[in-house]
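Chains as they are written, first to last, in the working numbering: chain A, 304 to 494; chain B, 304 to 494.
All residues carry an ideal CB built from backbone N, CA and C; glycine is no exception.
Right, one structure below, let's go through it.
Here it is in structure tokens:
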């Protein structure tokens with residue numbers, strides 16, 4: 304039986320009707336059977352603070368760290384704020400990178416899709432995140448790069464991806480990620 | 304009478320005994336009389352969320368936006384997390400950049416000092432922040448660049464800057480910032 308990989312999906316926008324969240328769900332729906340994608344929430348994570356760590360970490364941090372640790376791979380879908388990574392997303396990255404020496408991200412295959420309203424597709428946010436993923440030793444899917452512009456016209460009134468070309472790109476992206484995970488994920492732990 | 308410039312100091316670490324906070328206070332103590340530096344707190348800012356904005360922004364956001372708006376210039380002193388900007392600091396940048404069209408940062412002269420335990424001095428965090436400051440149209444002090452390594456030996460047991468060379472560099476940096484502010488700050492509003 305083919306292995307199924309658990310993929311934690313981290314969405315960089317906290318807005319309920321976020322286009323990024325919709326895109327994440329669309330990708331989850333198109334993913335091959337070998338992937339099991341689930342959104343892991345970041346909106347309740349207190350700002351990282353070493354003093355709070357020392358005093359006994361907040362429950363939300365522990366919950367998030369557990370969920371990332373339990374995943375085989377991570378998909379980031381993020382908007383761009385001020386040409387750079389959203390603070391909420393970077394905070395989530397920081398929270399699960401600690402405590403020092405036992406971070407939850409380490410070694411997990413990752414992919415990044417950035418989405419913006421304008422034409423540039425969140426390049427600035429995408430690559431600021433990639434910079435941190437280098438340090439976290441996460442092998443990141445390089446191609447296809449996913450800078451998705453025109454966010455507000457991405458979905459039609461039925462909530463479906465509006466353009467056939469976009470749908471095809473999403474499919475190529477998630478298939479490539481599935482392939483990347485098979486090549487780079489840690490071996491299954493015995494069970 | 305020479306004009307005095309209000310400088311909001313934003314510290315990227317939330318830790319009470321943060322080296323970055325100590326460095327910020329040291330810079331405040333060394334600054335020429337033309338500058339009035341005051342730390343503006345970021346640890347209580349809820350994660351930026353457009354839904355919360357629409358529902359009526361949290362008080363901490365309004366307090367922070369007011370304090371930034373009231374300043375003539377901004378000094379950032381920050382550690383580096385995972386080779387990149389701390390989430391808490393980027394969240395603060397995001398919070399005061401909104402609501403869209405009336406951000407508090409716009410046009411204010413800025414300077415960035417990054418401090419790390421290792422040798423690299425937080426270059427990654429420093430430049431990720433600078434990337435956002437471009438979009439926010441903040442003229443940033445270019446020289447001297449301030450990548451301060453060896454953070455844990457920066458201060459002696461009396462809480463003073465340990466090395467004479469470091470003290471001299473801090474002085475050069477804050478003097479250059481004072482000069483930069485005089486050249487680039489908005490004209491004083493009438494009163």
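- Residue 346/B sits away from residue 392/A, with the two beta carbons spaced by 8 angstroms or more.
- Bounds of the alpha helix (DSSP H) holding residue 363/B are 362 to 372.
- Residues 427, 428 of the same chain have their beta carbon placed closer than 8 angstroms to that of residue 386/A, with the five preceding and five following residues left out of the count.
- As DSSP reads the structure, residue 451/B sits in a beta bridge with 418/B.
- By DSSP's assignment, residue 325/B forms no beta bridge with any residue.
- Interface criterion not met: the Cβ of residue 363/B is under 8 angstroms from no Cβ in chain A.
- For the 8 angstroms CB-CB criterion, residue 409/A and residue 457/A do not form a contact.
- For residue 396/A, the neighbours in chain B by C-beta distance under 9 angstroms run, in chain order, 384, 385, 387, 390.
- Rounded to whole angstroms, residue 319/B and residue 327/B show a C-alpha spacing of 13 angstroms.
- In chain order, 386 make up the part of chain A whose C-beta sits under 7 angstroms from the C-beta of residue 437/B.
- Here residue 437/B is exposed: its Cβ has fewer than 16 other Cβ atoms, across all protein chains shown, within 10 Å.
- Taken in chain order, the whole alpha helix (DSSP H) runs of length 4 or more contained in the region 371 to 403 of chain B are 390 to 400.
- Between the alpha carbons of residue 358/A and residue 317/B lies a gap of roughly 14 angstroms.
- Shown here for residue 397/B: same chain residues with a beta carbon closer than 6 angstroms to its own, the five before and five after excluded, namely 351 in chain order.
- One alpha carbon belongs to residue 344/B, the other to residue 373/B, and they sit about 14 angstroms apart.
- For residue 317/A, at least one C-beta of chain B is nearer than 8 angstroms to its own C-beta.
- Residue state for residue 341/B is assigned as strand, using DSSP reduced to three classes.
- The distance from the Cβ of residue 473/A to that of residue 333/A is about 6 angstroms, consistent with a contact at the 8 angstroms cut-off.
- A distance of 8 angstroms or more separates the beta carbons of residue 424/A and residue 384/A.
- For residue 443/A, no beta strand (DSSP E) encloses it, and the DSSP letter there is neither H nor E.
- Looking only at 325/B, 331/B, 321/B, 454/B, the smallest Cα-Cα distance to residue 310/B is reached by 331/B.
- The distance from the Cβ of residue 432/B to that of residue 379/B is about 6 angstroms, consistent with a contact at the 8 angstroms cut-off.
- Taking residue 475/A as the centre and dropping the five residues before and after it, the same chain places the C-beta of 447 closer than 7 angstroms to its C-beta, in chain order.
- Bounds of any alpha helix (DSSP H) do not take in residue 305/B, whose DSSP letter is neither H nor E.
- Rounded to the nearest angstrom, the gap between the Cα atoms of residue 422/A and residue 389/A is 18 angstroms.
- In terms of Cα proximity to residue 307/B, the closest of 322/B, 329/B, 341/B is 341/B.
- The residue among 305/B, 313/B, 460/B, 468/B with its C-alpha nearest the C-alpha of residue 399/B is 313/B.
- Across the structure, residue 418/A and residue 434/B are spaced so that their CA atoms are roughly 18 angstroms apart.
- Residue pairing of residue 458/A in beta bridges, as defined by DSSP: 464/A.
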